[in-house]
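**Q** Submitted below is the structure of interest, expressed as structure tokens.
Protein chains: 2
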Amino acid sequence: MTQQKDTFTWHNTVLTAEQRAEAKGQRPAVIWFTGLSASGKSTLANALEHALFERGHHTFLLDGDNVRHGLNKDLDLSPEGRQENIRRIGEVAKLFADAGLIVVTAFISPYRSDRRMVRELLKPGEFVEVHVHAPLEVCEKRDPKGLYAKARAGEIKGFTGIDAPYEVPEHAELVIDTSKNDVATCIQTLLDYLREKNILLR
Amino acid sequence: MTQQKDTFTWHNTVLTAEQRAEAKGQRPAVIWFTGLSASGKSTLANALEHALFERGHHTFLLDGDNVRHGLNKDLDLSPEGRQENIRRIGEVAKLFADAGLIVVTAFISPYRSDRRMVRELLKPGEFVEVHVHAPLEVCEKRDPKGLYAKARAGEIKGFTGIDAPYEVPEHAELVIDTSKNDVATCIQTLLDYLREKNILLR
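If you want it as structure tokens, here you go:
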């Protein structure tokens, strides 16, 4: 084989998060819903993603459904497994933010240290911690998957709010009480916040 | 606290990958560049991402720079660590495809079994395996990071192409020879392919 002169070069500039996001009319952000099981995280996350999508924004939703059985399927429910679960979700959320997207996540994420770890992975202003609050008794009454009943019966161990702690956020960007507001009101609160913070640019 | 009737419900439909992608004028895909060190994977991946961005497409680049020190920083270079590295990258690429993006990846990924694992994670047609080929002597001569020299000197063990195998793709969607084509020609080949396969809809 005759060897040509090797001319395989290119000005190797890397596309930035800002370029990717600007083209989408938004600033990247991670909207991190935290709260008890059945507090309304998934409902709000889905509704918010729809609301943003309808307004032409570029979003992605990370939740148990698409993470637990894929990326994190090798992790168990030990303290180390739970911490690594949140660490990976944080790292993936960061990649999505780098892609210019608004990421919405819905995980109980009961520990302050884990949530702080994710906050510190991201750029200032990118992490929007939303405490989805409803009193334990309301969550337990909703109990759509019967998990509280199982936890009370001792069939599930280490269930947040029953025999494992939920560390209430001390500096959440938003607190949303789903026992006192309907979904539409909560979504309006969220959209107002995102506009005020210039995460939504249109 | 007086308890209102719990009205916190919503038609919990989930936004689909198709909805997200259609709004972006594209079909999701994972363009998986595989090849020897210094074969030109990163150069092509960056140039392709720029070309797509300039045409208004929505992309993301996964490579060692943004994965190795973040999501996969806990992994070592053992066979198990390398396999888990590719598995996680595959799972993250799948999430990005679900977000409607065109993901471009640049990893040596020397083993057929690992690349097949990623292909099988994705929907039919989503995985575009691109063998970035240049003869070993060309790669070794380029050696931008001096890695081949170190591997030849025995300072790096298990280096692909020197003392570890590279399993040439048998059914790659595209083979691109970077020792015979310049970057612009390679990118044109890639764009033509993506249009032909209706991954780019405009």
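Residue numbers (the working numbering), protein chains in the order written: chain A, 45 to 246; chain B, 45 to 246.
Heads up, the beta-carbon is just placed ideally off N, CA and C, and yes, glycines get one too.
1) Report yes or no: is there a C-beta of chain B within less than 7 Å of the C-beta of A/Glu240?
2) If I follow the unbroken alpha helix (DSSP H) through A/Ile130, where does it start and stop?
3) Taking 7 Å as the CB-CB limit, is A/Pro104 close to chain B?
4) Quick one: is A/His101 buried, meaning 16 or more other Cβ sit within 10 Å of its Cβ, or exposed?
5) Taking the alpha-carbon positions, what's the A/Asn110 to B/Leu139 distance?
6) Closer than 7 Å by beta-carbon distance: list the chain A residues that pair up with B/Arg196, in chain order.
7) Which two residues bound the contiguous beta strand (DSSP E) that contains B/His175?
8) Hey, how far is the Cα of B/Val182 from the Cα of B/Leu145?
9) Straight-line CA distance for A/Asn90 to A/Ala61?
10) Using a Cβ-Cβ cut-off of 7 Å, state whether B/Lys66 counts as contacting chain A.
11) I'd like the ranges of any beta strand (DSSP E) spanning at least 3 consecutive residues and lying wholly in the region 54-78 of chain B.
12) To the nearest angstrom, how far is it from the Cα of A/Val148 to the Cα of B/Leu245?
13) What is the DSSP secondary structure of A/Asp158, counted as helix, strand or coil?
14) Sorted by chain position, which residues of the same chain lie with C-beta nearer than 8 Å to A/His175's C-beta, five sequence neighbours on each side aside?
15) For A/Gly134, count neighbouring Cβ atoms within 10 angstroms of its own Cβ and tell me buried if that reaches 16, exposed if not.
16) Could you tell me if A/Glu184 is buried or exposed, where buried requires 16 or more neighbouring beta carbons within 10 angstroms of its beta carbon?
17) Can you give me the start and stop residues for the alpha helix (DSSP H) that A/Thr233 sits inside?
**A** Reading it off the structure:
1) no
2) Pro123 to Asp142
3) Just to set this straight, residue 104 of chain A is Phe in the shown sequence, not Pro. Chain B, which has a Cβ nearer than 7 Å to the Cβ of A/Phe104, makes this yes.
4) buried
5) 8 Å
6) The premise fails here: B/Arg196 is roughly 19 Å from chain A at the closest Cβ pair, so nothing lies under 7 Å.
7) Phe171 to His177
8) 33 Å
9) 24 Å
10) According to the sequence as given, residue 66 of chain B is Glu; it is not Lys. No, B/Glu66 lies away from the interface with chain A (no Cβ there is under 7 Å from its Cβ).
11) 73-78
12) 27 Å
13) helix
14) Thr78, Gly79, Val212, Pro213, Ala216, Leu218, Val219 and Ile220
15) buried
16) buried
17) Val227 to Glu240
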